[in-house]
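Novice: The following block contains the structure, expressed as structure tokens.
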Amino acid sequence: MADWNAGALVIFGITGDLAAKMTLPALYRLEQRGELHCPVIGTATASLSRAEFTELARRSVEKAVDDFDPAVFARLSRRLSYLSGEATDPELYQALASHLTARPLYYLALPPSLFATVAERLAAAGLLTDARVALEKPFGSDLASARELRGRLNEILDEQHVLLVDHFLGKEPVTEIEYLRFANHVLAELWDRDSVTAIQITMAENLDVAGRGRFYDQVGALRDVVQNHLLQLLALVAMDAPVGSSVADLRAKKLEIFRAIPAVEPADCVRGQYEGYQGVPGVAPGSNTETYVALKLAIDNWRWAGVPIFLRAGKCLPASATEVRLIFKHTPRLRFLPDAAQVEANQLVLRISPDPAFRLRLSGLDSARQWRPVRLDTTFERDLGAPRSPYERLLADALAGDDRLFAWQDAVAESWRILRPALAYPRPARWYAPGTWGPSAADDLVDGYPAWQPPWLPAPR
Ligand SMILES: NC(=O)C1=CN([C@@H]2O[C@H](COP(=O)(O)OP(=O)(O)OC[C@H]3O[C@@H](n4cnc5c(N)ncnc54)[C@H](OP(=O)(O)O)[C@@H]3O)[C@@H](O)[C@H]2O)C=CC1
Ligand SMILES: O=C1O[C@H](COP(=O)(O)O)[C@@H](O)[C@H](O)[C@H]1O
Numbered sequence: 000m001a002d003w004n005a006g007a008l009v010i011f012g013i014t015g016d017l018a019a020k021m022t023l024p025a026l027y028r029l030e031q032r033g034e035l036h037c038p039v040i041g042t043a044t045a046s047l048s049r050a051e052f053t054e055l056a057r058r059s060v061e062k063a064v065d066d067f068d069p070a071v072f073a074r075l076s077r078r079l080s081y082l083s084g085e086a087t088d089p090e091l092y093q094a095l096a097s098h099l100t101a102r103p104l105y106y107l108a109l110p111p112s113l114f115a116t117v118a119e120r121l122a123a124a125g126l127l128t129d130a131r132v133a134l135e136k137p138f139g140s141d142l143a144s145a146r147e148l149r150g151r152l153n154e155i156l157d158e159q160h161v162l163l164v165d166h167f168l169g170k171e172p173v174t175e176i177e178y179l180r181f182a183n184h185v186l187a188e189l190w191d192r193d194s195v196t197a198i199q200i201t202m203a204e205n206l207d208v209a210g211r212g213r214f215y216d217q218v219g220a221l222r223d224v225v226q227n228h229l230l231q232l233l234a235l236v237a238m239d240a241p242v243g244s245s246v247a248d249l250r251a252k253k254l255e256i257f258r259a260i261p262a263v264e265p266a267d268c269v270r271g272q273y274e275g276y277q278g279v280p281g282v283a284p285g286s287n288t289e290t291y292v293a294l295k296l297a298i299d300n301w302r303w304a305g306v307p308i309f310l311r312a313g314k315c316l317p318a319s320a321t322e323v324r325l326i327f328k329h330t331p332r333l334r335f336l337p338d339a340a341q342v343e344a345n346q347l348v349l350r351i352s353p354d355p356a357f358r359l360r361l362s363g364l365d366s367a368r369q370w371r372p373v374r375l376d377t378t379f380e381r382d383l384g385a386p387r388s389p390y391e392r393l394l395a396d397a398l399a400g401d402d403r404l405f406a407w408q409d410a411v412a413e414s415w416r417i418l419r420p421a422l423a424y425p426r427p428a429r430w431y432a433p434g435t436w437g438p439s440a441a442d443d444l445v446d447g448y449p450a451w452q453p454p455w456l457p458a459p460r
């Protein structure tokens, strides 16, 4: 998608939670850096004057950034305008047409049930010429619904002009994976079944779902974060090197990984629900929705055959941390090594959040001739500079017509295929107490392999 720069940004759903917490603060940052160059038109159903909308935007930004600069916001506010209207109403699009210049980017921060209708209304109003449409997740709720949505969008839009937003793909340490892996011989040479015994990916959150009960109860952890964030992350961790620098080259390698992952059997998917979840407003009585999930996956290709991949994600866990952990094989236990059975396997940890960081865990012999862990740690910020927020990065890329960091339809379809049996035939969710690492059945899943490792957390400041 080279040679395309948005002439206007239209945000559907500008009064919503995502816009307040992520989109407007990201626009503020782009304005601050001098990287925002087009008008921004927000829409939602609420009837707001321009002044009321500007005030709403100012409050959102002030809340989200800790160095609010009124001069930067004044510049941003001169770009902002607001149109109220029901997204299904053709009149909204007629009003929009009179505000638009060339090459619009439409950003749909709307309930997903509206995605196809909004795109169809834009098409009917003749507003999709040389346009791009960015959609927030979720893209479908299973394989069939994702196919249906894809079919409707393909009727009116070139698939290359649809950007599927997965904010994990905009996280700096996630974008860094392909460079770290393939620009460093030491890592490149260790990254396969000859060296790795298991991979663990953990996305732990200590928050509950209060305030989002109605949304979350229809979704659950598999759809909320595994189908998108964690499988996208896994593809970057496991793929072979792209053969060129184009988006197509990258996607080809990621797609090979998705295609090599067999659908996950319900027996390899442990579901949990934290005690107290059913009391959250909006949660259905007797709900079987999982607030925790642990999965065992395989990648049937030459690089990874025989290496189990464990993913887990959950709410109300003891800490918030997302990490990728490679656990390596033991070296031969030669006789010159004292007490060699006590030497722990090496581990490599890439912490995605909080405070992106990298750890190599080795073993060394201390002065009392006891084996001790030796941890080689660094943070991304220390060595690579302060990261941008994912939404800042993704919005800037979308405005510049760069689709490298977006998900795409074939990958989405594959990820729904991988999860299909686990979603279609869910085992009962098992209770776990808030503040614990999920149901004990998750430990059975790793039986015979290295146990789940507690995530590496930043040292308290
Ligand atoms: N919130 C988050 O952290 C995240 C959200 N997402 C996704 O982003 C999208 C938006 O989520 P979120 O902001 O939380 O949702 P909210 O419910 O907070 O906001 C929805 C927005 O859409 C507008 N809207 C709803 N229905 C209509 C309609 N019929 N016509 C016109 N406007 C409408 C609302 O405006 P009004 O109230 O005026 O009708 C509001 O501005 C969803 O797809 C969600 O899955 C993805 C990742 C994280
Ligand atoms: O998409 C989502 O992600 C958040 C976690 O994102 P993070 O960037 O804070 O790690 C999760 O809490 C939410 O349930 C989910 O919808």
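Using numbering that gives the first Met the number 0, the first residue of the sequence shown is number 0, and each one after it goes up by one.
We put the CB at the ideal spot given by N, CA and C, even for glycine.
Are there three or more Cβ pairs, one per stretch, closer than 8 Å when the region 163 to 172 is compared with the region 342 to 361?
Specialist: Contact holds: three or more Cβ-Cβ distances are below 8 Å.
Novice: Short of 8 Å in beta carbon distance, which residues of its chain neighbour alanine 339, apart from the five on each side in sequence? Order them along the chain.
Specialist: Taken in chain order, the residues that qualify are Arg332 and Leu333.
Novice: If we call anything under 8 Å between Cβ atoms a contact, is valine 246 one with aspartate 402?
Specialist: Contact: yes.
Novice: To the nearest angstrom, report how far apart leucine 75 and glutamate 30 are at their CA atoms.
Specialist: Computed Cα separation, rounded: 6 Å.
Novice: How should arginine 250 be labelled, buried or exposed, when 16 other C-beta atoms within 10 angstroms of its C-beta is the threshold for buried?
Specialist: Looking at its Cβ environment, which holds 16 or more other Cβ atoms inside 10 Å, arginine 250 is buried.
Novice: Hey, is the region 310 to 321 in contact with the region 219 to 229, meaning 3+ C-beta pairs nearer than 8 Å?
Specialist: With a cut-off of 8 Å, the region 219 to 229 and the region 310 to 321 count as touching, because enough Cβ pairs lie within range.
Novice: Determine the closest residue to leucine 404 out of Val342, Leu113 and Leu162, with distance taken between C-alpha atoms.
Specialist: Closest option to leucine 404, Cα to Cα, is Leu162.
Novice: Strictly by DSSP, which residues pair up with lysine 462?
Specialist: Outside the shown range of the chain, which is 0 to 460, sits residue 462, and nothing can be said about it.
Novice: Going by DSSP in three states, proline 24 sits in which element: helix, strand or coil?
Specialist: Looking at proline 24 - three-state DSSP - the assignment turns out to be helix.
Novice: Which of the three DSSP states, helix, strand or coil, is assigned to glycine 125?
Specialist: It is coil, neither helix nor strand.
Novice: When the Cα of arginine 57 is compared with those of Pro24, Leu47, Val279 and His36, which residue comes out closest?
Specialist: Ranking the options by Cα distance to arginine 57, first place goes to Pro24.
Novice: Check whether the region 256 to 271 and the region 279 to 286 are in contact - that is, three or more C-beta pairs closer than 8 Å.
Specialist: As far as the Cβ criterion goes, the region 256 to 271 does not touch the region 279 to 286, which means the pair count is below three.
Novice: Which residue comes first and which comes last in the beta strand (DSSP E) that contains aspartate 376?
Specialist: It spans 370 to 378 - the beta strand (DSSP E) in which aspartate 376 sits, taken as one unbroken run.
Novice: Is the Cβ-Cβ distance between threonine 116 and threonine 87 less than 8 Å?
Specialist: Yes, Cβ-Cβ distance for threonine 116 and threonine 87 is below 8 Å.
Novice: Which residues does DSSP list as the beta-bridge partners of glutamate 322?
Specialist: According to DSSP, glutamate 322 bridges with Thr201 and Arg350.
Novice: Can you tell me which of the three DSSP states serine 83 falls into?
Specialist: Note: serine 83 maps to strand in three-state DSSP.
Novice: Relative to ligand 1, is the shortest distance from any of its heavy atoms to the C-beta of leucine 232 smaller than 7 Å?
Specialist: No.
Novice: I need the DSSP call for alanine 356, collapsed to helix, strand or coil.
Specialist: Strand, per DSSP.
Novice: Within the chosen definition, does the region 262 to 274 reach the region 415 to 435 through at least 3 CB pairs nearer than 8 Å?
Specialist: Contact holds: three or more Cβ-Cβ distances are below 8 Å.
Novice: Could you tell me the distance, in whole angstroms, from the CA atom of glutamate 380 to the CA atom of arginine 149?
Specialist: Taking the straight line joining both Cα atoms gives about 38 Å.
Novice: What does the alpha-carbon distance come out to for the pair threonine 42 and tyrosine 215?
Specialist: Approximately 25 Å between the Cα atoms of the pair.
Novice: Would asparagine 183 be called buried (16 or more neighbouring beta carbons within 10 Å of its own) or exposed?
Specialist: Asparagine 183 is exposed by the Cβ-count criterion.
Novice: In whole angstroms, what separates the C-alpha of arginine 213 from that of alanine 133?
Specialist: Each residue's alpha carbon lies about 25 Å from the other.
Novice: Using C-beta distances below 7 Å, list every residue in its chain close to valine 445, excluding the 5 sequence neighbours before and after it, in chain order.
Specialist: The residues are Phe309 and Trp451.
Novice: Taking the C-alpha atoms as reference points, what is the distance between glycine 12 and histidine 329?
Specialist: Each residue's Cα considered, the two are about 52 Å apart.
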